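Visitor: The structure follows.
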Amino acid sequence: MALIVQKYGGTSMGSTERIGNVARRVAKWHAAGHRVVVVPSAMAGETNRLLGLAREINPHPDPRELDMIAATGEQVSVGLLAIALKTIGVDAISYAGWQVAVNTDRAYTKARIVSIDDSKVRADLDAGRVVIVTGFQGVDDFGHVTTLGRGGSDTSAVAMAAALGADECLIFTDVDGVYTTDPRVVPAARRLEKVTFEEMLEMASLGSKVLQIRAVEFAGKYKVKTRVLSSLTPPDLPVEIEANSGTLITFEEDQDMEQAVISGIAFNRDEAKITVTQVPDRPGIAYQILGPIAEANIDVDMIIQNQSVDGTTDFSFTVPHQELQHALGVMNNKVKEAIGAGEIIGDPNIAKVSVVGIGMRSHVGLASLMFRTLWEEGINIQMISTSEIKISVVIEDKYMELAVRALHKAFGLDQPAEGVATGLAVGG
Ligand code: ADP
Ligand code: ASP
Ligand code: MG
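Going letter by letter, the sequence shown gives residues 0 to 427 in numbering that gives the first Met the number 0.
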C-alpha cells in the first residue's frame, strides 16, 4: 500500500465527462489499496476566463483581488471531483488551500509555498478517504488567498507529496510523458522513459511548460519520485501498467550509464530584447543599466555585452514580454541620459531556443553543431548563453519552429534513444 499524490491538469479536468474519468481512475488506485491525495487544476480555459473578467474591468487589476478570483477555478474542480467520486461509491473530501492549510508567502499571483500542514489530510487518509486539495492556491500569514503562478498546480502536487512523504507524485496531463520537445511543434518528438531532475529543471526553466519549474525544484529538494503520464488513456487501464507508464524524473545517480547526450529542446516566446546602443565602455556600466531594472522588480534573463574597440559598445538583455514597456520606460527615464548612451531599442519579436542534456558535460562540439544547423537554415543568432548542461540562443521569433525542428533532427532526437548515444556525430 503506497501513498500517492495525483495531479490532474486543466484538459484532464476539462468537462464533467472527463472529471468522471478522473474519478474512475482515482477509484481504481484507491481500490488497489493505495492512499490517494488528488490535486486538480481548474477546468481547461477557466483560469484565463477568470483573469479575463478582471481585466475587462481594469487592465491592471489589484493582484490580491486577482488571486481571489483566479483561485475559484480550482475550488470548483475539487468540489466536482468529490461529487464524482462519491457518486461511484468512493468516500472523498475536498479542501481549498486555506483549509489545509497550504501556507505561502505574500507574493500575490506568484506566491511560494512555505509550509503545508498535513494533519487534516492524514486524518482523512487514515479514515479511508480520498483527499482532494485545490492546486494553484494557498494562503498567506494574513489569511489572504494567494496563487502560485500559471501552471502552479504542478507545484501544489509535488509540495503536497513532499509534505506527506508520499511514495510517488503522478502528474497526469494531456500528453503521455515528457518528450524530446513539445510534440505539438515537432511531430517527430519522442517520449523519454526517464529524464534527470537537472535536465527537467533546465527544460522547465527554458520554457517547456509540461511542468512548472517550482514543481521540479520541490521534486529535487525533497527527492519526490515524480512521474508525468497521460490522463487520456482508458481510466480502467490496470494500475500496474499505469504505474510504469509515462516519464519518470530520476536523480542522476539512478541513471543508466548509456545516457543520451542531448535529452531535449526547449523554446520560449515569452521574452523581449532591449538593446542600448553606444554605451560607454567603462567600469560600472552594467550595474548602471541593470540596477534600475532590478529596482523595478523586472527579471533579466540573457545579457550580452562586447568589449569595445572605439570606446563604446552595444548592450543587450532580455526581460519577460509583458515587462517590455515597463523596462523601456525605466531605461529611457533613468538610464539613457545618466550613462550617455545612444538609443534604447525594444524588440518583442524574439524567441529563445535551447538544447539541454547532461551529456554535454562530457562531449565537445555540441555548440558548433547547434550553430552550424542554424546557419544551414539561414537563421541569424542574436544572443547566446550556455551553462554546464544547456546552450540557448535568441533568434527572430518567426524562425522558432524551423529552428526547433532542424535542431531536433540534427541532434539525432528524431531517432530512438539508442541511436542518440552512439549515432550523434559530435566533436567534429
Ligand atoms: P496541464 O493542463 O495538464 O498542466 P500543460 O498544458 O500545462 O498541461 O502541459 C502539458 C503540455 O506541455 C503538453 O500538451 C505539451 O504541448 C506541452 N509541452 C511543452 N514541452 C513539452 C515536452 N518537452 N514534453 C511534453 N509536453 C510538452
Ligand atoms: N489553473 C492554473 C493555470 O491555468 C494552474 C494550473 O493549471 O496548473 O495556470
Ligand atoms: Mg500545466
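The beta carbon of each residue, even a glycine, is placed where N, CA and C say it ideally should be.
These numbers come from a predicted model, not from an experiment.
Helix, strand or coil: how does DSSP classify P282 here?
Guide: Taking the sequence shown and counting its residues from 1, the one referred to as residue 282 is at position 283. Three-state DSSP puts P282 in coil, outside helix and strand.
Visitor: Starting from L228, follow the beta strand (DSSP E) in both directions and report where the run begins and ends.
Guide: The residue you call residue 228 lines up with position 229 of the sequence shown. Counted as a single uninterrupted DSSP element, the beta strand (DSSP E) harbouring L228 occupies residues 225 to 229.
Visitor: Examine the ligand ADP and report whether any of its heavy atoms sits within less than 7 Å of the Cβ of K208.
Guide: Looking up residue 208 in the sequence shown gives position 209. Yes, the Cβ of K208 comes within 7 Å of a heavy atom of the ligand ADP.
Visitor: Could you tell me whether any non-hydrogen atom of the ligand MG is closer than 7 Å to the CB of D66?
Guide: Taking the sequence shown and counting its residues from 1, one reaches residue 66 at position 67. Result no, Cβ not under 7 Å from the ligand MG.
Visitor: Looking at C-alpha atoms only, which residue of V101, K335, M399 is the closest neighbour of N267?
Guide: By one-based count along the sequence shown, residue 267 stands at place 268. For N267, the nearest C-alpha among the options comes from M399.
Visitor: When you measure from the CB of A41 to every non-hydrogen atom of the ligand ASP, does any distance come out below 7 Å?
Guide: As a working note, residue 41 is residue 42 in the sequence shown. Indeed, a heavy atom of the ligand ASP lies less than 7 Å from the Cβ.
Visitor: Got a sec, what are the start and stop residues for the alpha helix (DSSP H) P62 sits in?
Guide: Walking along the sequence shown from the start, residue 62 turns up at place 63. First-last of the alpha helix (DSSP H) with P62: 62 to 69.
Visitor: Starting from K389, trace the beta strand (DSSP E) in both directions and tell me its first and last residue.
Guide: Walking along the sequence shown from the start, residue 389 turns up at place 390. Membership of K389 in the beta strand (DSSP E) is indicated by the continuous run 389 to 395.
Visitor: For the beta strand (DSSP E) that G339 lies in, which residues bound it at each end?
Guide: By 1-based counting over the sequence shown, the position of residue 339 is 340. G339 -> no beta strand (DSSP E), and no H or E assigned at all.
Visitor: Indicate, with yes or no, if the ligand ASP has a heavy atom lying under 7 Å from the CB of D173.
Guide: Taking the first residue of the sequence shown as 1, we reach residue 173 at position 174. It does not: the Cβ of D173 is nowhere closer than 7 Å to a heavy atom of the ligand ASP.
Visitor: Quick check on the burial criterion: 16 or more other C-beta atoms within 10 angstroms. Buried or exposed for E294?
Guide: As a position in the sequence shown, residue 294 is number 295, starting the count at 1. Residue environment: E294 is assigned as exposed (fewer than 16 neighbouring CB atoms within 10 Å of its CB, all protein chains considered).
Visitor: Hey, quick one: how far does the alpha helix (DSSP H) through V215 stretch, first residue to last?
Guide: Your numbering for residue 215 matches position 216 in the sequence shown. That run of the alpha helix (DSSP H) goes 212 to 220.
Visitor: With a threshold of 16 other CB atoms inside 10 Å of the CB of L65, please say whether the residue is buried or exposed.
Guide: Within the sequence shown, residue 65 is the residue found at index 66, counting from 1. With 16 or more Cβ atoms within 10 Å of its Cβ, L65 is classed as buried.
Visitor: Just the C-alpha distance for T232 and K397, rounded to the nearest angstrom, thanks.
Guide: Locating residue 232 in the sequence shown gives position 233, where the first residue counts as 1. Locating residue 397 in the sequence shown gives position 398, where the first residue counts as 1. Approximately 35 Å between the Cα atoms of the pair.
Visitor: Taking 7 Å as the line, does the beta carbon of T180 fall inside it for any heavy atom of the ligand ADP?
Guide: On the sequence shown, position 181 is the one that residue 180 refers to. Correct: T180 has its Cβ closer than 7 Å to the ligand ADP.
Visitor: Among the candidates Q277, G245, G8, S40, whose CA atom is the shortest distance from the CA of I338?
Guide: The residue given as residue 338 occupies position 339 in the sequence shown. Ranking the options by Cα distance to I338, first place goes to Q277.
Visitor: Helix, strand or coil, according to DSSP, for N305 in the structure here?
Guide: On the sequence shown, position 306 is the one that residue 305 refers to. Note: N305 maps to coil in three-state DSSP.
Visitor: Quick check: is any heavy atom of the ligand MG less than 7 Å from the C-beta of G8?
Guide: Taking the first residue of the sequence shown as 1, we reach residue 8 at position 9. Answer for G8: yes, Cβ within range of the ligand MG.
Visitor: Just to confirm, is the Cβ distance from R128 to A91 under 8 Å?
Guide: In the sequence shown, the residue the question calls residue 128 occupies position 129. In the sequence shown, the residue the question calls residue 91 occupies position 92. Yes, these two residues count as a Cβ contact at 8 Å.
Visitor: What does the alpha-carbon distance come out to for the pair T86 and E239?
Guide: Residue mapping note: residue 86 aligns to position 87 of the sequence shown, counting from 1. Residue mapping note: residue 239 aligns to position 240 of the sequence shown, counting from 1. Between T86 and E239, the C-alpha separation is close to 25 Å.
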